[in-house]
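Under numbering that gives the first Met the number 0, the letters of the sequence shown match residues 0 to 341, in that order. Ideal placement from N, C-alpha and C gives every residue a C-beta, glycine not left out. Report on one structure; see the data block that follows.
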Amino acid sequence: MIEIKNISKTFHQKKQSFKALDDISLNVEQGDIVGIIGFSGAGKSTLIRTVNLLEKPDNGQIIINGKDFTRLSSKELAKERKKIGMIFQHFNLLSSRTVFENVALPLELDSISKDKIRKKVNELLKIVGLEDKAHDYPKSLSGGQKQRVAIARALANDPYLLLCDEATSALDPATTQSILQLLRDINRRLGITILLITHEMEVIRSICNHVAVIDKGKLITKGTLSEIITDKKNPILKQFINTDIMTIPQELNKKIQKEPREGLFPLVEIELNENITVEKLLSKIYDDYKIPYRLLKADVEYLGNSNFGKLLLQLQGKSEENQKAIYFFNQNKIQNTVRGYA
0 MIEIKNISKT FHQKKQSFKA LDDISLNVEQ GDIVGIIGFS GAGKSTLIRT
50 VNLLEKPDNG QIIINGKDFT RLSSKELAKE RKKIGMIFQH FNLLSSRTVF
100 ENVALPLELD SISKDKIRKK VNELLKIVGL EDKAHDYPKS LSGGQKQRVA
150 IARALANDPY LLLCDEATSA LDPATTQSIL QLLRDINRRL GITILLITHE
200 MEVIRSICNH VAVIDKGKLI TKGTLSEIIT DKKNPILKQF INTDIMTIPQ
250 ELNKKIQKEP REGLFPLVEI ELNENITVEK LLSKIYDDYK IPYRLLKADV
300 EYLGNSNFGK LLLQLQGKSE ENQKAIYFFN QNKIQNTVRG YA
């Protein structure tokens, strides 16, 4: 549906030049939710703004539904943009207009009849859960409600594509999750393709099917969420994916020894991957190897049929039995670290 082909963009300021995008290519399938993640200044906003040519690339092509946007006339481009909704970090609502009037604005500019506008706006306010706020002004709304108004406005012209430019960055975690759930619901209910940018891995985990990582204007990697999360060799990815060492519970931390001794058991930090579930791993330890264990900590997240995260286990079997379990981890490429003995 969307083909971004060899896009580059350089900004010139006085005597300096800054290459925001460097030969980026990316495909987005119809009905997909694709996240573009990167640090501040990586080129995310520039990239998403080239999709509807708010930023014209220096070279390359933006092909949407078979049309090369870089070759369209101003009139043709304006027509195509009506079917591409966009929401921003700071909502961009008009303070002098009510919620209803803000959502109605794109339809008014398109000279739609008042009856059709009323019907359409009421439908959209119902979708975003703001039917009772139609006559309120933005100043009386919470941040989450303002973003819902912005989403309703972006849907006014029945777009096939929704571009989200850090749409949840100004919101608290709970409100962020409600907005992401709304976007996923819109994607499923209306079949709208969503392309979003963010610097938060939690946003990617919550909503995206595919991910692209960019840094310093270059596309570092792209793929499914599972592929991205399990690929930790790239130094950029390591900064987005939680690789923090698990803290050992205080009562054990005081007793922990660096070297094995008689009567002490190893504390093993295990990093899960998509090839083995928590249940299967624990079953292997206890049922197959007959090793008693103590589960000290678990930080696990399920993505589809796969799980990712970490476990902190104390293996409480005999020394040779515990070594069998560690050998099993190594043979099956399950990353593990003995953190000490207690």
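Query raised in the report: If you pair each beta-carbon of the segment 34–50 with each one of the segment 199–211, do three or more pairs fall below 8 Å?
Result: yes
Report task. Please determine, among 104, 69, 43, the residue with the shortest C-alpha to C-alpha distance to residue 52. Result -> 69
Requested in this report: Reducing DSSP to helix, strand and coil, say where residue 261 ends up.
Outcome: coil
**Report entry** residue 200 - containing alpha helix (DSSP H), residue span
**Finding:** 200–206
Query raised in the report: Of the residues 15, 31, 6, which one's Cα is nearest the Cα of residue 21?
Result: Measuring from the Cα of residue 21, the nearest candidate turns out to be 6.
Report task. Would you decide whether residue 291 is buried or exposed? Buried here means 16 or more other CB atoms lie within 10 Å of its CB. Result -> exposed
**Report entry** Pair within 8 Å by beta-carbon distance, residue 213 and residue 46
**Finding:** yes
Query raised in the report: Going by beta carbon distance, what residues of the same chain come within less than 6 Å of residue 83, once the five residues before and after it are set aside?
Result: 51, 158, 160
**Report entry** residue 54, enclosing beta strand (DSSP E) - first and last residue
**Finding:** Per DSSP, residue 54 lies in no beta strand (DSSP E) and is assigned neither H nor E.
Query raised in the report: Excluding sequence positions up to five away, which residues of its chain have a Cβ less than 7 Å from the Cβ of residue 248?
Result: 295
Query raised in the report: If you draw a straight line from the alpha carbon of residue 220 to that of residue 227, how long is it in whole angstroms?
Result: 8 Å
Query raised in the report: Where residue 118 and residue 102 are concerned, what is the direct C-alpha to C-alpha distance, given to the nearest angstrom?
Result: 12 Å
Query raised in the report: Can you list, in chain order, the stretches of the alpha helix (DSSP H) that have 4 or more residues and sit fully within the segment 59–115?
Result: 73–80, 98–108
Requested in this report: Using a threshold of 8 Å, state whether the C-beta atoms of residue 144 and residue 132 are closer than that.
Outcome: yes
Query raised in the report: Hey, residue 298 and residue 283 are a contact pair by Cβ (cut 8 Å); roughly how many whole angstroms apart?
Result: Going by Cβ atoms, the distance from residue 298 to residue 283 rounds to 20 Å, so no, they are not a contact pair.
**Report entry** Assumed close pair residue 181, residue 150 - CB separation to whole angstroms, cut-off 8 Å
**Finding:** 7 Å
Requested in this report: Using alpha carbons as the reference points, say which of 64, 135, 289 lies closest to residue 3.
Outcome: 64
Report task. Tell whether a beta-carbon distance below 8 Å holds between residue 341 and residue 281. Result -> no
Query - CA-to-CA distance, residue 72 to residue 89, given in whole angstroms - result: 30 Å
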